[in-house]
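Peer 1:
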Amino acid sequence: MDAIIVSTSNPRQENYWQKRLKEMRGFFTKPDTVVIAVCEDWPNGAGNGLGTLYAYYKAQEKARFMYNTDLYEMQKQGGSIVIYHTAGLGKRLFPLTASEFNNKSAIKLPGFFEDNQLTILEAVILQTSHFVKNRPGRLSVFWGDQLFIPYSNINEVPQHHIEILGQSLDTITEEDWSKKKLANYGLLAISPSKRVKLLEKIDYHLLQDFINAGKISSKDKFAMSLGSFSLSAQMTFSLLREYAHDLQSQRGSLDSDPHFWMPLTLDRDSYLKLMSKNEHPETKSLQHYQRMESFKTKFLQLHSDAAFFGFVDIGKSGFWWDYGSIDSYYNNVLKLTSKGPEGQALRLFYQIDPTKQDNKSNRLITDENSCLINCNIRAGKISNSVLIGVSANSIEAENCVIINSNFLSVKANQSLFYHIKEDADVVFSPGTIRADVVLPTTNEHLKIYSHRDRNGKEDWNITLPQNTFSFQEVYEKLKSEE
687 MDAIIVSTSN
697 PRQENYWQKR
707 LKEMRGFFTK
717 PDTVVIAVCE
727 DWPNGAGNGL
737 GTLYAYYKAQ
747 EKARFMYNTD
757 LYEMQKQGGS
767 IVIYHTAGLG
777 KRLFPLTASE
787 FNNKSAIKLP
797 GFFEDNQLTI
807 LEAVILQTSH
817 FVKNRPGRLS
827 VFWGDQLFIP
837 YSNINEVPQH
847 HIEILGQSLD
857 TITEEDWSKK
867 KLANYGLLAI
877 SPSKRVKLLE
887 KIDYHLLQDF
897 INAGKISSKD
907 KFAMSLGSFS
917 LSAQMTFSLL
927 REYAHDLQSQ
937 RGSLDSDPHF
947 WMPLTLDRDS
957 YLKLMSKNEH
967 PETKSLQHYQ
977 RMESFKTKFL
987 QLHSDAAFFG
997 FVDIGKSGFW
1007 WDYGSIDSYY
1017 NNVLKLTSKG
1027 PEGQALRLFY
1037 QIDPTKQDNK
1047 SNRLITDENS
1057 CLINCNIRAG
1067 KISNSVLIGV
1077 SANSIEAENC
1087 VIINSNFLSV
1097 KANQSLFYHI
1107 KEDADVVFSP
1117 GTIRADVVLP
1127 TTNEHLKIYS
1137 HRDRNGKEDW
1147 NITLPQNTFS
1157 FQEVYEKLKS
1167 EE
């Protein structure tokens, strides 16, 4: 990586990541990598499409000031530029987000480097650095809460102006659709001639309608989009020119999949039907489609040196770990206890020795599946659990994830605890989620509860049982501390 750009939600996060990542150069990146954190100060949010262009636009100005470096020229000369998106309130990760002062990408994971515990964003940077090194002259874009471990070779020289990452699927049945929750993601349809179409958040029955109407071929192969993509220099700067006025005026909100890649890969009728299904007004969708159609026509007239849109497959046996919600965070951390290939891959990535239990008490009983790192637990019984930085007199835990917490005595099952300090003997009901935060100005200790079957985004304005405030009120309290 020649330059890293981190798009954040506010100036506090911008300063945090600018300082932390600059200090960590040499661990995840080259010692001289240009590190730029920017704040997406766009009214009501730019969306990840315009947000990508805006982050690059702002980083260009900041790099000139901080490093006397021209990022645009760097990419044109073969430099590798990477953007990581971290902006957002972190609602789906509440209450863990609150424990990190609304900085969702600073939530900790089981890995360590030197004496520092790995954050979600740093894990993503560490993993994607292997992907980016073979993409000179390109802008690569990743989400700051998702890791992928490819099974197939993704290091081939890029052949397309736009390349999107995905994971090929074996079959497309209604049962698969429901089980894998494919309606929540983008679907890639790849024809025998390698032409790719992107269908964002399409339901199974609408896909069948498209196949029956001949819009999608029954011979196509399918893949789930991971959302991450890379752009040639020609495509990068063409998009920056196309949306220059939007960036300067901070107008509109556009996401990459529905507003960039879908109109560039679908016919007009399919695009309008899918956008209508996702509750976008047809008139507005038609205007946008025509704009992107004109953009594509002009681009191909000027740049026919490479294919237009391609798909990079991480392989059916590749792994994709999403840490963007409470449930996915819990499940993907707990996979460290698995003895199968996925558990082995996780332990290898985080450099965890499965035979080592990092706790010295002979009064603590642990099974061979559990993972304990930097723990000081005097007694208890732990099974199929992951504990990192935990201190306690006694713990009885089964199927639990406990991170950086201190207890007197605790009993829990299928629960997630993060940055807890509890001086009483406690017994938690199954599925409990709790994260603590202490407000610096008042020293108020907030104990924030949720449950594994709840959704922080849906509960945002609700004061849940055991809580004094709603998640939104906690967010605002922490925001006032900035």
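Its first residue numbered 687, the sequence shown is counted upward by one per residue in our numbering.
Each residue gets a CB set at the ideal place from its N, CA and C atoms; glycine is no exception.
None of the values given here were measured: they were computed from a predicted structure.
Would you kindly report the start and end of the unbroken beta strand (DSSP E) that includes Phe-995?
Peer 2: For the purposes of this step, residue 995 is taken as the residue at position 309 of the sequence shown. 993-999 is the extent of the beta strand (DSSP E) around Phe-995.
Peer 1: If the criterion is Cβ atoms closer than 8 Å, does the pair Leu-739 and Leu-933 meet it?
Peer 2: The residue you call residue 739 lines up with position 53 of the sequence shown. The residue you call residue 933 lines up with position 247 of the sequence shown. Yes; because the gap between Cβ atoms is below 8 Å, this pair is in contact.
Peer 1: Considering Pro-796, what are the terminal residues of the beta strand (DSSP E) in which it resides?
Peer 2: As a position in the sequence shown, residue 796 is number 110, starting the count at 1. First-last of the beta strand (DSSP E) with Pro-796: 794-799.
Peer 1: Apply the 10 Å Cβ neighbour rule to Arg-1120 and answer buried if 16 or more other Cβ atoms are within range, or exposed otherwise.
Peer 2: Translated into the one-based positions of the sequence shown, residue 1120 becomes position 434. Classification of Arg-1120: buried, given that the 10 Å Cβ count is 16 or more.
Peer 1: Shortest alpha-carbon distance to Leu-812 belongs to which of Pro-822, Glu-842 and Gly-797?
Peer 2: Mapped onto the sequence shown, residue 812 falls at position 126. Minimum Cα distance to Leu-812 is reached at Gly-797.
Peer 1: Out of Glu-759, Tyr-1161, Leu-874 and Ile-1012, point me to the one whose CA is closest to Lys-794's CA.
Peer 2: Walking along the sequence shown from the start, residue 794 turns up at place 108. Checked all of Glu-759, Tyr-1161, Leu-874 and Ile-1012; the closest Cα to Lys-794 is Ile-1012.
Peer 1: Quick one: what's Glu-886 bridged to in DSSP?
Peer 2: For the purposes of this step, residue 886 is taken as the residue at position 200 of the sequence shown. Gly-872.
Peer 1: So, under 8 Å CB-CB, Ile-876 and Phe-997 are touching, yes? Tell me the CB distance rounded to an integer number of Å.
Peer 2: By 1-based counting over the sequence shown, the position of residue 876 is 190. By 1-based counting over the sequence shown, the position of residue 997 is 311. Contact holds; Cβ gap of about 6 Å.
Peer 1: Which residue from Asp-953, Lys-790 and Arg-711 puts its Cα closest to that of Gly-1142?
Peer 2: The residue you call residue 1142 lines up with position 456 of the sequence shown. When each option's Cα is compared against that of Gly-1142, the closest is Lys-790.
Peer 1: So, do the region 799-806 and the region 717-736 have three or more beta carbon pairs nearer to each other than 8 Å?
Peer 2: Segments in contact, no.
Peer 1: Could you compute how far the alpha carbon of Glu-1159 sits from the alpha carbon of His-816?
Peer 2: Numbered from 1 along the sequence shown, position 473 holds the residue referred to as residue 1159. Numbered from 1 along the sequence shown, position 130 holds the residue referred to as residue 816. C-alpha separation (whole angstroms): 40 Å.
Peer 1: Might you give, ordered along the chain, the residues of its own chain that have their beta carbon closer than 6 Å to the beta carbon of Tyr-837, omitting 5 neighbours on each side?
Peer 2: Along the sequence shown, read from residue 1 onward, the residue named residue 837 stands at position 151. Contacts found: Gly-1001, Ser-1003 and Gly-1004.
Peer 1: Between which two residues does the beta strand (DSSP E) holding Arg-1033 run?
Peer 2: As a working mapping, residue 1033 is identified with position 347 in the sequence shown. Taken as a continuous stretch (DSSP letters only), Arg-1033 belongs to no beta strand (DSSP E), being part of the alpha helix (DSSP H) at 1027-1036.
Peer 1: Pull up the CB-CB distance for Glu-1108 and Leu-1094, whole angstroms please, since I reckon it's below 8 Å.
Peer 2: Locating residue 1108 in the sequence shown gives position 422, counting from the first residue. Locating residue 1094 in the sequence shown gives position 408, counting from the first residue. The Cβ separation is near 7 Å, so the contact holds.
Peer 1: For the alpha helix (DSSP H) that His-846 lies in, which residues bound it at each end?
Peer 2: In the sequence shown, residue 846 corresponds to position 160, counting from 1. Here His-846 belongs to no alpha helix (DSSP H); instead the beta strand (DSSP E) covers 846-854.
Peer 1: Below 7 Å CB to CB, which residues in the same chain sit around Ala-952 once its five sequence neighbours on both sides are set aside?
Peer 2: As a first step, residue 952 is located in the sequence shown; it is residue number 266 there, counting from the start. One point to set straight first is that residue 952 is Leu, not Ala, in the sequence displayed. Around Leu-952: Lys-883.
Peer 1: Quick one, which of Trp-1007, Leu-917 and Ile-850 has its alpha-carbon nearest Gly-830's?
Peer 2: Position 144 of the sequence shown holds residue 830. The candidate whose alpha carbon is nearest that of Gly-830 is Trp-1007.
Peer 1: If distances are taken between C-alpha atoms only, which option among His-771, Thr-814, Tyr-742 and Val-818 comes closest to Gly-764?
Peer 2: One-based indexing of the sequence shown puts residue 764 at position 78. Measuring from the Cα of Gly-764, the nearest candidate turns out to be Val-818.
Peer 1: Answer yes or no: do His-847 and Phe-994 have a C-beta to C-beta separation smaller than 8 Å?
Peer 2: In the sequence shown, the residue the question calls residue 847 occupies position 161. In the sequence shown, the residue the question calls residue 994 occupies position 308. Going by C-beta atoms, His-847 is nearer than 8 Å to Phe-994.
Peer 1: Candidates Leu-925, Ala-930, Arg-881 and Leu-926: which alpha carbon is nearest Phe-1171's?
Peer 2: Look at the range of the chain in this structure, 687 to 1168, and you will see that residue 1171 is not part of it.
Peer 1: Quick one: is Pro-781 buried, meaning 16 or more other Cβ sit within 10 Å of its Cβ, or exposed?
Peer 2: Working through the sequence shown from its first residue, we reach residue 781 at position 95. So Pro-781 counts as buried.
Peer 1: Report back the beta-carbon spacing between Ile-1038 and Cys-1061 to the nearest angstrom; my notes put them in contact at under 8 Å.
Peer 2: Start at 1 with the first residue of the sequence shown, and residue 1038 comes out as number 352. Start at 1 with the first residue of the sequence shown, and residue 1061 comes out as number 375. Actually they are not in contact, since the Cβ atoms of Ile-1038 and Cys-1061 sit about 13 Å apart, beyond 8 Å.
Peer 1: Nearest-angstrom Cα distance between Leu-893 and Thr-857?
Peer 2: Along the sequence shown, one-based indexing puts residue 893 at 207. Along the sequence shown, one-based indexing puts residue 857 at 171. One C-alpha to the other measures close to 13 Å.
Peer 1: Just the C-alpha distance for Pro-822 and Gln-761, rounded to the nearest angstrom, thanks.
Peer 2: Residue numbering aside, residue 822 sits at position 136 when the sequence shown is read from its first letter. Residue numbering aside, residue 761 sits at position 75 when the sequence shown is read from its first letter. In a straight line, the C-alpha of Pro-822 is about 8 Å away from that of Gln-761.
Peer 1: So, for Arg-954: in the same chain, excluding its five sequence neighbours on each side, which residues have a beta-carbon less than 6 Å away from its beta-carbon?
Peer 2: Sequence index remark: in the sequence shown, residue 954 carries index 268 (1-based). Answer for Arg-954: Tyr-975, listed in chain order.
Peer 1: Put Lys-901 into one of helix, strand or coil per three-state DSSP.
Peer 2: To locate residue 901, count along the sequence shown from 1; it is residue 215. Lys-901 falls in the coil class under three-state DSSP.
Peer 1: Which residues mark the beginning and the end of the beta strand (DSSP E) in which Lys-1107 is found?
Peer 2: The residue labelled residue 1107 in the question sits at position 421 within the sequence shown. It spans 1107-1113 - the beta strand (DSSP E) in which Lys-1107 sits, taken as one unbroken run.
Peer 1: Between the Cα of Glu-979 and the Cα atoms of Ser-1101, His-945 and Asp-999, which residue gives the shortest distance?
Peer 2: Residue numbering aside, residue 979 sits at position 293 when the sequence shown is read from its first letter. Nearest C-alpha to Glu-979: His-945.
Peer 1: By Cβ distance below 8 Å, which residues in the same chain neighbour Glu-1167 in space, the five residues on each side in sequence not counted?
Peer 2: Locating residue 1167 in the sequence shown gives position 481, counting from the first residue. Result list for Glu-1167: Phe-787, Leu-1125, Pro-1126 and Thr-1127, in chain order.
Peer 1: Can you give me the start and stop residues for the beta strand (DSSP E) that Gln-803 sits inside?
Peer 2: For the purposes of this step, residue 803 is identified with residue 117 of the sequence shown, where counting begins at 1. Taken as a continuous stretch (DSSP letters only), the beta strand (DSSP E) holding Gln-803 covers 802-805.
Peer 1: Identify every residue that forms a DSSP beta bridge with Ala-1098.
Peer 2: For this step, residue 1098 is matched to residue 412 along the sequence shown. Note: Ala-1098 sits in a beta bridge opposite Ala-1083.
Peer 1: So the beta strand (DSSP E) Ser-693 belongs to, where does it begin and stop?
Peer 2: Taking the first residue of the sequence shown as position 1, residue 693 is located at position 7. Residues 689-694.
Peer 1: Ordered along the chain, which non-local residues of its own chain (more than five positions away) have a Cβ less than 7 Å from that of Lys-1165?
Peer 2: Residue 1165 sits at position 479 when you count from the first residue of the sequence shown. If we look at Lys-1165 and ignore the five residues flanking it on each side, its Cβ neighbours are Asn-788.
Peer 1: Check each candidate in Gln-987, Ala-1110 and Gly-913 and name the one with the smallest Cα separation from Ser-826.
Peer 2: Here residue 826 refers to the residue found at position 140 of the sequence shown. Ranking the options by Cα distance to Ser-826, first place goes to Gly-913.
Peer 1: What is the DSSP secondary structure of Ile-1051, counted as helix, strand or coil?
Peer 2: Here the question's residue 1051 lines up with position 365 in the sequence shown. Note: Ile-1051 maps to strand in three-state DSSP.
Peer 1: Please list, in chain order, all residues of the same chain as Ile-1148 whose beta carbon is under 7 Å from its beta carbon, the five residues on each side excluded.
Peer 2: Indexing the sequence shown from 1 puts residue 1148 at position 462. Excluding sequence neighbours, Ile-1148 sits near Ser-1156.
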